[in-house]
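Chains as they are written, first to last, in my numbering: chain A, 43 to 156; chain B, 436 to 549.
Every residue, glycine too, gets a C-beta built ideally from N, C-alpha and C.
What you are looking at is a predicted structure, and each value in this text was computed from that prediction instead of being measured.
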């Protein structure tokens, strides 16, 4: 069965430090891949998506993610974290030909130290 | 352009009562999705609807849960005879006719069952 794993439940980084959030998926082919961010009490906002082509994708708010087929990974990165980035981050895959039926990881909560 | 509107934002029900959650998709969007987020978990797909049609309800519990998206008016997720385990955040998302794979999420409806 398809699945998404985010190994880190909580991550704390200092403001200005770099960030990498891990995401691994289990699926036979190349899925459509997404990263969403959820601020407390809010809905989810799309940060970036990968469908095909260049394996390094740029998103909003200075985030980027790299698709690595050999590792079945789609890790999210940001060179310099801001305090406003504190939120919960979800990796998701769409394995049903881009229909919007997403499988989400459990999420990673990011805390940012001043 | 208003985003996805969900109401109520918070709903408290006693065991055995009915809960009705409403979702108005973004203007121009004809695809609606419902997801459930249990505490400390990621979002789980429930149902995918287009106007007057249920396209995929593979994530819906077999009993007590139903969803509709009528020709006029919002999509409604209905939970009959609620139990404590139904306590969760229910998120609605919509996407446009030309599905890009990006879902636009509402802020969620948080159901508490006493």
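Measuring CB to CB, does residue 460 (chain B) end up less than 9 Å from residue 467 (chain B)?
One-based indexing of the second chain puts residue 460 (chain B) at position 25. One-based indexing of the second chain puts residue 467 (chain B) at position 32. A contact, by the Cβ cut-off of 9 Å.
Go ahead and label residue 147 (chain A) buried or exposed: buried means 16 or more other beta carbons lie within 10 angstroms of its beta carbon, across all protein chains shown.
Within the first chain, residue 147 (chain A) is the residue found at index 105, counting from 1. So residue 147 (chain A) ends up on the buried side.
Which residues, taken in chain order from the segment 462 to 490 of chain B, show a beta carbon closer than 7 Å to some beta carbon of chain A?
466, 468, 476, 477, 478, 480 and 483
Length-filtered (3 minimum) beta strand (DSSP E) runs lying within the segment 455 to 521 of chain B
464 to 472, 478 to 485, 488 to 491, 500 to 503 and 510 to 514
Report the neighbours of residue 530 (chain B) on chain A: residues whose CB is nearer than 7 Å to its CB, in chain order.
Sequence index remark: in the second chain, residue 530 (chain B) carries index 95 (1-based). Ordered by position in chain A, the residues that pass the 7 Å Cβ test against residue 530 (chain B) are 142.
Which full runs of the beta strand (DSSP E) of 3+ residues lie inside the segment 69 to 139 of chain A, going along the chain?
74 to 80, 86 to 92, 98 to 100, 106 to 110, 115 to 120 and 129 to 136
Between residue 103 (chain A) and chain B, is there a C-beta pair that is closer than 9 Å?
Along the first chain, read from residue 1 onward, the residue named residue 103 (chain A) stands at position 61. It does not: the Cβ of residue 103 (chain A) has no partner Cβ on chain B nearer than 9 Å.
Got a sec: is the Cβ-Cβ distance from residue 451 (chain B) to anything in chain A below 9 Å?
In the second chain, residue 451 (chain B) corresponds to position 16, counting from 1. Judged by the 9 Å Cβ criterion, residue 451 (chain B) is not in contact with chain A.
Contacting positions in the segment 81 to 105 of chain A - beta carbon closer than 8 Å to chain B:
83, 84, 85, 86, 87, 88, 91 and 93
Option nearest residue 525 (chain B) by Cα separation, candidates B:507, B:455 and B:437:
The sequence position of residue 525 (chain B) within the second chain is 90, counting from 1. Measuring from the Cα of residue 525 (chain B), the nearest candidate turns out to be B:455.
Determine which residues share a DSSP beta bridge with residue 203 (chain A) and list them.
Limits of chain A in this structure are 43 at one end and 156 at the other, which puts residue 203 (chain A) out of reach.
Tell me the DSSP secondary structure of residue 48 (chain A) in three-state form.
Position 6 of the first chain, counted from the first residue, corresponds to residue 48 (chain A). Of the three classes helix, strand and coil, the one that applies to residue 48 (chain A) here is coil, per DSSP.
With a 10 Å radius around its C-beta and 16 neighbouring C-beta atoms as the bar for buried, classify residue 102 (chain A) as buried or exposed.
Within the first chain, the letter at position 60 stands for residue 102 (chain A). Under this definition residue 102 (chain A) is an exposed residue.
Under 8 Å Cβ to Cβ from residue 55 (chain A), same chain only, skipping five residues before and after it: list those, please.
In the first chain, counting from the first residue as 1, residue 55 (chain A) sits at position 13. Answer for residue 55 (chain A): 61, 123, 152, 153, 154 and 155, listed in chain order.
Just mark residue 80 (chain A) as buried or exposed, buried being the case when its beta carbon has 16 or more other beta carbons within 10 Å.
Looking up residue 80 (chain A) in the first chain gives position 38. Residue 80 (chain A) should be labelled buried.
Considering only their Cβ atoms, is the gap separating residue 457 (chain B) from residue 510 (chain B) smaller than 9 Å?
As a working mapping, residue 510 (chain B) is identified with position 75 in the second chain. As a working mapping, residue 457 (chain B) is identified with position 22 in the second chain. It is a contact, given that the beta carbons lie within the stated cut-off.
Verify whether the separation of the beta carbon atoms of residue 107 (chain A) and residue 118 (chain A) is less than 9 Å.
Counted from its first residue, the first chain places residue 107 (chain A) at position 65. Counted from its first residue, the first chain places residue 118 (chain A) at position 76. Cβ distance < 9 Å, so residue 107 (chain A) and residue 118 (chain A) count as in contact.
At a Cβ threshold of 9 Å, is residue 542 (chain B) touching chain A?
Numbered from 1 along the second chain, position 107 holds the residue referred to as residue 542 (chain B). Residue 542 (chain B) counts as touching chain A.
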